[in-house]
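Inspection log for the structure reproduced underneath, given as structure tokens.
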Amino acid sequence: MPQLSRLDPLFGPGNSLVNRRDVLRVGSVSVAATLVPAALGSVASANETRAASFGKAKSVVYLWMGGGVTHLESFDPKPEAPEEIRGTLEAIDTKLPGVQFAEACPNLAKIADQLAVVRSFSHDSNDHLLSQAYTLSGRKVTMAQLFSEPNIGSLVWHLQGSRNGLPGYIAVPGITRPGPPPYPLFVGGWLGDHYAPFCVGGQPEQPDFTVGEKSENPSPVSDEDLRPKMLDMPEGVSLTRLDRRVALRQTFDQAQRSIEQQRLAEAVDGNFNSALGLLTSNKIRDAFDIRKEPDAVRDAYGRTKIGGRCLMASRLVEAGARFVMVDYGYDPDYGNLWDNHNVPLQKFPHISQMAMRGYHVAGIDKAFAALISDLKQRGLLNDTLVVFLTEFGRTPKINKDGGRDHWGACGSIFFTGAGTKVGQVVGASDKQAAYPITKHFGPADIAATIYHSLGIDQESRVANKEGRPMFVLDHGHVIEEVVG
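This is the structure:
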């Protein structure tokens with residue numbers, strides 16, 4: 042991939058919060074002040090090892106594929122299983138001896154030595170909404186709590202702030218919604234909606250993936266316009282006039298201070314302040330424009346929606362973004378992209394054929410591999426944690442329609458960058474990829490690992506909108522096999 046000239050990354054120091062799990066215990070009011078040294082002896086070595094990776098990441102790219110990506114057609118093929126389990130795809134060798142991926146992932150197979158693949162991702166829900174809220178926040182929820190818990194990126198933004206004039210949590214594009222009806226799960230929760238992600242796709246109106254006729258074989262090629270519309274200077278408005286508008290806005294703010302702010306008002310305020318900072322910097326505005334990339338780079342990522350979104354994530358990290366979520370799932374062109382039950386309404390082919398399409402597994406394979414290689418080439422991967430996550434895997438047995446159904450019991454994810462222990466597979470599933478046969482890891486463990494990499498102690502407390510102290514994460518453990 043050719044070397045390009047981009048913005049120089051300007052990474053500021055992260056904030057390190059240091060209340061250890063052995064010191065803090067949940068209770069009505071108590072925090073222990075001291076510990077007997079002998080009690081720490083059994084964990085001293087592990088803590089020393091983990092300390093080296095604490096705060097290693099300056100940025101995070103969160104590859105969030107909402108809908109449930111099939112693990113059997115990607116990172117955990119079972120070539121010895123019957124066809125109703127393994128499907129019709131071949132298993133191919135990777136750069137790691139003895140490790141195979143499905144043939145839909147040739148590009149990631151070539152750089153498997155740069156990945157820490159977790160094949161024992163598991164939790165107890167097969168429900169999209171509950172599992173997605175859990176995955177996005179690291180906190181288990183009920184149906185009444187779908188919008189109450191802040192996304193991981195929201196807490197990162199709250200604790201570590203913005204950088205280089207960019208919002209602390211950016212979603213690319215941040216427009217997909219499970220449903221119907223569409224559920225907006227990209228939220229600031231109890232932190233307030235001003236910590237909801239800055240969505241490059243625009244707010245508040247979002248496309249509904251259930252609307253419109255879908256092609257049986259849509260083209261994966263898409264020149265998606267990801268540049269935030271709010272960054273376009275209104276016709277006839279100069280920076281001088283913009284300054285006057287800011288002064289006018291401040292006057293209105295003074296008049297409204299006594300008025301109770303509602304969720305929409307909070308979101309508008311947050312977006313106004315974010316857009317204002319972006320509008321005044323040409324360099325930052327350019328970071329959102331992938332059209333400035335040479336054709337060779339765009340081709341390397343793939344001229345697909347997921348390719349363009351990963352390319353923008355790379356540009357934003359280089360511009361100094363702290364937390365970027367690449368959002369690719371429910372889509373107005375491709376429908377319920379990863380939720381491959383293959384009911385007639387979906388018009389999907391057999392899951393094995395579907396995985397080879399350029400907007401499906403084959404598409405993320407090309408885009409993810411290009412992103413990782415690009416970040417590494419530019420010297421950004423050492424400081425950038427990249428995480429691929431979906432809410433669950435798919436059923437080990439292919440259903441009568443040629444699809445796979447929801448399966449929270451087992452799935453596959455991966456980590457790379459920021460000092461992670463790459464070149465390995467963590468955990469294993471049984472012969473049908475149905476259940477982990479080793480230690481399993483859930484969404485809270487992934488969240489704990491992300492916080493650890495950023496130098497955020499999950500036992501630290503932050504105040505919610507009402508001033509009540511809340512734990513950064515109420516359960517889960519750092520995956521020491523990945524970062525320890």
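Using this note's numbering, the first residue of the sequence shown is number 42, and each one after it goes up by one. All C-beta atoms, glycine included, are put in the ideal place defined by N, C-alpha and C. Source: prediction; values computed, not measured.
Task: Under 8 Å between C-beta atoms of S453 and D165 - done: no
- [ ] In angstroms with no decimal places, state the Cα-to-Cα distance between V384 and P335.
- [x] 41 Å
Task: F409 - DSSP class collapsed to helix/strand/coil - done: helix
Task: For E131 and T345, the rounded distance between their alpha carbons - done: 24 Å
Task: Check whether I193 and S172 have beta carbons under 8 Å apart - done: For I193 and S172, no; Cβs fall outside 8 Å.
- [ ] Could you pull out every unbroken beta strand (DSSP E) segment of at least 3 residues lying fully inside the region 409–494, listed in chain order?
- [x] 425–430, 452–457, 465–467
- [ ] Report the three-state DSSP secondary structure of R204 (helix, strand or coil).
- [x] R204 falls in the strand class under three-state DSSP.
Task: Pick from F227, A450, P269, S263 that is closest to L207, judged by C-alpha positions - done: Checked all of F227, A450, P269, S263; the closest Cα to L207 is P269.
- [ ] Determine the closest residue to W231 out of D486, L416, E125, R180, with distance taken between C-alpha atoms.
- [x] R180
Open item on the list: Using 8 Å for Cβ pairs, my map puts T425 next to A98. What's the rounded Cβ distance?
Closed with: Cβ atoms of T425 and A98 come within 8 Å of each other, at about 7 Å.
Task: Inter-residue Cα distance where the pair is G139 and N167 - done: 31 Å
Task: For A504, three-class secondary structure by DSSP - done: strand
Open item on the list: Can you look up Y375 in the DSSP assignment and give me helix, strand or coil?
Closed with: coil
Task: the region 108–123 / the region 510–519 touching (three or more Cβ pairs under 8 Å) - done: no
Open item on the list: Taking 8 Å as the cut-off, does the region 492–504 touch the region 468–478 (at least 3 CB pairs, one atom from each stretch)?
Closed with: no
- [ ] Starting from P147, trace the alpha helix (DSSP H) both ways and give me its first and last residue.
- [x] 147–151
- [ ] Please classify E121: is it buried, with 16 or more other beta-carbons within 10 angstroms of its beta-carbon, or exposed?
- [x] An exposed status is given to E121, since fewer than 16 other beta-carbon atoms sit within 10 Å of its beta-carbon.
TODO: Express the C-alpha separation of T176 and G483 in angstroms, rounding to a whole number.
DONE: 8 Å
- [ ] Kindly indicate which three-state DSSP category A157 falls into: helix, strand or coil?
- [x] strand
- [ ] Any chance you could list the alpha helix (DSSP H) runs of at least 4 consecutive residues sitting entirely within the region 178–235, in chain order?
- [x] 193–201
Open item on the list: For a quick check, are the C-beta atoms of Y103 and V367 less than 8 Å apart?
Closed with: yes
Task: Length of the line joining the Cα atoms of A396 and A403 - done: 6 Å
Task: Coarse secondary structure for A403, derived from DSSP in three states - done: helix
Task: C-alpha gap between Y210 and A92, whole angstroms - done: 25 Å
Task: Beta bridge counterpart(s) of P510 as assigned by DSSP - done: A504
Task: Per-residue DSSP class, three states only, for M366 - done: Strand.
Task: CA-to-CA distance, V365 to D446, given in whole angstroms - done: 29 Å
Open item on the list: Quick check on this structure: which residue in G376, R502, P123 has the alpha carbon closest to the alpha carbon of E545?
Closed with: Residue 545 lies beyond the range of the chain shown here (42 to 525); nothing can be said about it.
Task: Host alpha helix (DSSP H) of R341 (start-end) - done: As written in the sequence, residue 341 is Ala, which differs from the Arg given in the question. Here the alpha helix (DSSP H) through A341 covers 336–342.
Task: Closest Cα partner of K324 within the set T251, N205, D234, W379 - done: N205
Open item on the list: In whole angstroms, give me the CA-to-CA distance for S189 and V228.
Closed with: 8 Å
TODO: Round the Cβ separation of T135 and A150 to the nearest angstrom and send it over; I've been treating them as touching at under 8 Å.
DONE: 4 Å
Open item on the list: Quick check on the burial criterion: 16 or more other C-beta atoms within 10 angstroms. Buried or exposed for L386?
Closed with: L386 should be labelled exposed.
TODO: Please classify T345: does DSSP put it in a helix, a strand, or coil?
DONE: strand
TODO: Keeping to the same chain, check which residues put their C-beta closer than 6 Å to that of A450; ignore five residues upstream and five downstream.
DONE: S163, Y476
TODO: Note down, in chain order, each residue of its chain lying with its Cβ closer than 8 Å to the Cβ of A153, except the 5 sequence neighbours on either side.
DONE: T135, K136, L137, V140, F142, G464
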